[in-house]
Structures are given as structure tokens and as C-alpha cells.
Amino acid sequence: MSGPFPLLPTLAAMFALAAGTFLLRLSGPALRAKVTFPKQVEKLLEVSAVVLLAALTATAALTEGDGFAGAARAIGVLVGGVLAWRRAPFLVVVLAAAGAAALLRLAGIP
Amino acid sequence: MRTLWETLGKGPLRDIALVCMAVGVIGLSYGAIAVTSGFPWWFPVLMGALVLAASSEFLFVGIIAAGGSPIAALLAGLLVNARHLPFGLAVPDVLGRGWRRLLGTHLMNDETVVFAIAQEGLARKRAAYWACGLGILACWPVGAALGALLGSVVRDTDALGLDAMFPAVILALILPAMKDRALRRTALAGSVIALALTAFLPAGLPVLVALAALPLFRVKSLEGAAR
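Here the protein sequences come in this chain order: A and B.
To convert, take the position in the first sequence, counting from 1, and add 71; that gives our numbering.
To convert, take the position in the second sequence, counting from 1, and add 132; that gives our numbering.
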């Protein structure tokens, strides 16, 4: 089956994305190997990964495209977050997040 | 060399297995969306193994399916994956040496980085990173292949609430780090920045701009040092 789009240019773009993503993954460690950062900067680099992951969580939980992702997903993630904060086992956290979102959708909440 | 089992123990390995399984199920919807958008079945599988970064692949497939150009899909995918550069700055020690380092570099993604951060000590960080990375390298393309075969049957994984899983996983794993007050404020400020900009910037950029909150942490920690 072939789609309504040109496959070869799409395939080329996919390979370019794979190569570019690998270079992005490579450049951080390569830079760290060449340059020795002061302790404080090193701490800041660690913090930046957590900040990125927090921002990723917020956008993935609340947005889809340009707009709001809908209450079901947001509440599902919130339920998971509260359970994690109360030190519930990881399995419970993840299944509760998905389960809450699924139940809300079943009840007609998007 | 000690085995992953001995280094990590049962609990973290079970958590990692769960996340890999969730990634596989999301792979189902990715493969299904790709074939129902007109891609050949092998495309999402090959892309899954070579790019190994879910959100950029969803975006790539979505742009092509909507009639966008391959160049636009490529640029959008690269932008979404740009966060791997700061990730690499934060976790260079877990990647291994020699030829393994190439594979270790390829395995860098949101889940492997967050599992590495959540573990204490370099040996455990490295073991968690590799266990999660290899698991995802297996589960993501296999999930995509199954999804491509099953087609539209599994297209709507939102009904199962799977879209709430990924943010909940990352949230649960960064929560322990949030005990640090300065870090918590910085992360919250970064999240607010990213959310506020989502409506105005292309995907991937708001998360990067969240790093603009970093001076908050710096000011706080310098104050702490001066005291």
C-alpha cells in the first residue's frame, strides 16, 4: 500500500530526522567530554534536565496541538501525581492515571 | 560486571518493565495511525527503531498525513527532539564506553533520562538507563509493527486513557527531586512558561524555552552559598 504522498522524499526526511536526532543526542556528551564545567554549572545542567522533564509533563498532560487536551487526561495525570506524592507503588500510579482518564471518557468527558 | 538484576533489584526493574510495556502499547496506536494515514507497514517500524523518540514520530507522521512537505515534517521533528541536547549535558556518565557508547547515545530519551535521574549512585543510574533504553528499543518498534498489522482496530488508544500514562510516569519519577525547594520553584516556573507559550510556538520549542527559568535556581543556590 502506498499513500497519497511521495514515499521517497518522505523516507529521505525520516533518515535525516534519525541522523539529526542522533547528532542532538551526541552533542551534549561530546561537549561535556571536551569542556570541564565548574561544579555550579554542572549542578545547573542536572537541574535543567529536571526542568525540561517538568515542562514536558505539564505540556503533555494539559495540551494537545495548540489547545487544551481535555479534562479527562489532565485529571488522570493529577490522580497519578497525587498517588505518587502519597508514595503509592509505581504500578498503581500509572494504572490509576490511565484508568481515571478512561473512566472519565466513558462518562462522556473528553 | 554485575547484572542489571543485581544492580537494580526487583522493584525498579518491575517499574522499568511497566514503562516499556506502556511504550509498546502507545506504539500500537502509532503504528495504527501511520498505516491508516497511508504509510506502508514497515515505515513506522523502521522509523521507530532509527529515530526512537515517540513524540517526534507522531508529529512527523501527522504532518505528512495532513499533506505537509517532508522538509516541514523533518524540521518539526528535529525541533521536538532538540531537548536531547540538554539531556546529554545532564547525563553523560551513563552512556558507557567504546562501541557501547554509540548505542547508549541512541537510547537517550525522556524515559531513560528520568529513570537515570531517579536512581541514586552511578552504577544504579547506568543500569536503570540501559535497562529502560533496551526495553524501549525492543517494545516501541514491535508495538508499531503490531499496530500497523492490526490497523484501525487499535487506533483509538485514548479510550483506554493511555495518553495520561506518559505524563504520569514522568511526573512520578521527578517528584522525589522536587523535595529541593529551589528546584521545585524553578521546575514550576519552567512549566508555567512552557504552558503559556504552547499556543504560540511550534511543538518542542515551549519545553526548551522553559529553561529560561534556570536563573531562578541559580539565584537561590547562590543565596544559599552566601549564607
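Positions of the beta carbon are idealized from the N, C-alpha and C atoms, including for glycine.
Quick test of your reading: residue i and residue j, contact by CB under 8 Å. State the CB separation rounded to the nearest angstrom.
i                : j                : result
ALA208 (chain B) : PRO334 (chain B) : 6 Å
VAL177 (chain B) : PRO273 (chain B) : 5 Å
LEU217 (chain B) : GLY99 (chain A)  : 5 Å
ALA129 (chain A) : ALA222 (chain B) : That belief does not hold up - the Cβ atoms of ALA129 (chain A) and ALA222 (chain B) are roughly 19 Å apart, past 8 Å.
GLY170 (chain B) : PHE76 (chain A)  : 7 Å
Name the DSSP bridge partner or partners of residue i?
i                : result
GLY253 (chain B) : For GLY253 (chain B), which the question treats as bridged, DSSP gives no partner whatsoever.
GLU135 (chain A) : A:GLY138
Between the C-alpha atoms of residue i and residue j, what's the straight-line distance to the nearest angstrom?
i                : j                : result
ILE268 (chain B) : PRO347 (chain B) : 34 Å
SER73 (chain A)  : GLY336 (chain B) : Reliability of the predicted coordinates at SER73 (chain A) is poor, the pLDDT of 46 falling under 50, and the value obtained from them is presented with this limitation in mind. Roughly 29 Å between the two C-alpha positions.
LEU78 (chain A)  : LEU206 (chain B) : 14 Å
PHE139 (chain A) : LEU329 (chain B) : 12 Å
PRO172 (chain B) : ALA198 (chain B) : 16 Å
ALA260 (chain B) : LEU320 (chain B) : 26 Å
ALA250 (chain B) : VAL153 (chain A) : 18 Å
ALA300 (chain B) : LEU294 (chain B) : 10 Å
ALA178 (chain A) : ALA142 (chain A) : 12 Å
ARG359 (chain B) : PHE349 (chain B) : Below a pLDDT of 50, predicted positions are generally treated as unreliable, and ARG359 (chain B), at 41, falls in that range; the measurement from the model is reported next regardless. Each residue's alpha carbon lies about 16 Å from the other.
TRP156 (chain A) : PHE219 (chain B) : 25 Å
ALA168 (chain A) : ARG256 (chain B) : 27 Å
HIS238 (chain B) : ALA90 (chain A)  : 10 Å
GLY163 (chain B) : ILE195 (chain B) : 15 Å
THR244 (chain B) : ALA131 (chain A) : 17 Å
LEU149 (chain A) : LEU343 (chain B) : 23 Å
GLY253 (chain B) : ASN241 (chain B) : 20 Å
PRO181 (chain A) : ALA172 (chain A) : 9 Å
MET133 (chain B) : ALA154 (chain B) : Confidence is the limiting factor: at MET133 (chain B) the pLDDT is only 48, short of 50, which leaves the residue's position unreliable, though a coordinate-based value still follows. Looking at the two C-alpha atoms, the distance is approximately 29 Å.
PRO80 (chain A)  : ALA314 (chain B) : 47 Å
PHE332 (chain B) : ASP137 (chain A) : 7 Å
CYS271 (chain B) : GLN111 (chain A) : 38 Å
LEU140 (chain B) : GLY200 (chain B) : 45 Å
VAL226 (chain B) : GLY170 (chain A) : 34 Å
GLY180 (chain B) : MET310 (chain B) : 32 Å
ALA280 (chain B) : LEU123 (chain A) : 31 Å
ARG96 (chain A)  : LEU162 (chain A) : 29 Å
ALA149 (chain B) : LEU235 (chain B) : 20 Å
Looking at the secondary structure, which residues open and close the alpha helix (DSSP H) in which residue i lies?
i                : result
ILE173 (chain B) : Note on identity: in this sequence residue 173 (chain B) is Trp, with Ile being the wrong assignment. First-last for TRP173 (chain B): undefined, no H or E at that position.
PRO202 (chain B) : 202-213
LYS105 (chain A) : 78-105
GLY199 (chain B) : It is not in any alpha helix (DSSP H) - GLY199 (chain B) carries neither H nor E in the DSSP assignment.
PRO218 (chain B) : 216-222
PRO160 (chain A) : Unbroken run through PRO160 (chain A): none, as it is neither H nor E.
ILE306 (chain B) : 297-306
ALA328 (chain B) : 313-329
PRO334 (chain B) : PRO334 (chain B) -> no alpha helix (DSSP H), and no H or E assigned at all.
GLY236 (chain B) : 231-238
THR139 (chain B) : 136-140
Please list the residues of the region 144-172 of chain B that have a C-beta atom closer than 8 Å to any C-beta atom in chain A, keeping them in chain order.
ARG146, ASP147, LEU150, VAL151, ALA154, VAL167, SER169, GLY170, PHE171, PRO172
Listed in chain order, which residues of the region 148-164 of chain A have Cβ atoms closer than 7 Å to some Cβ of chain B?
VAL148, GLY151, GLY152, ALA155, TRP156, PHE161, LEU162, VAL164
Using a Cβ-Cβ cutoff of 9 Å, what residues of the region 213-235 of chain B are near chain A? List them in chain order.
ASN213, ALA214, ARG215, HIS216, LEU217, PRO218, PHE219, GLY220, LEU221, ALA222, VAL223, PRO224, ASP225, LEU227, ARG233, LEU234
Which of the residues in the region 108-133 of chain A, read from start to end, lie with their CB under 8 Å from any CB of chain B?
GLN111, LYS114, LEU115, LEU116, GLU117, VAL118, SER119, ALA120, VAL121, VAL122, LEU123, LEU124, ALA125, ALA126, LEU127, THR128, ALA129, THR130, ALA131, ALA132, LEU133
Between the region 277-307 of chain B and chain A, which residues of the former have CB atoms less than 9 Å from a CB of the latter, in chain order?
Answer in chain order: ASP290, ALA291, LEU292, GLY293, LEU294, ASP295, ALA296, MET297, PHE298, PRO299, ALA300, VAL301, ILE302, LEU303, ALA304, LEU305, ILE306, LEU307.
Residues of the region 72-97 of chain A with a CB closer than 8 Å to any CB of chain B: list them in chain order, please.
Correct list: MET72, SER73, GLY74, PRO75, PHE76, PRO77, LEU78, PRO80, THR81, LEU82, ALA83, ALA84, MET85, PHE86, ALA87, LEU88, ALA89, GLY91, THR92, PHE93, LEU95, ARG96, LEU97.
Residues of the region 321-332 of chain B with Cβ closer than 7 Å to any Cβ of chain A, in chain order
GLY322, SER323, ALA326, LEU327, THR330, ALA331
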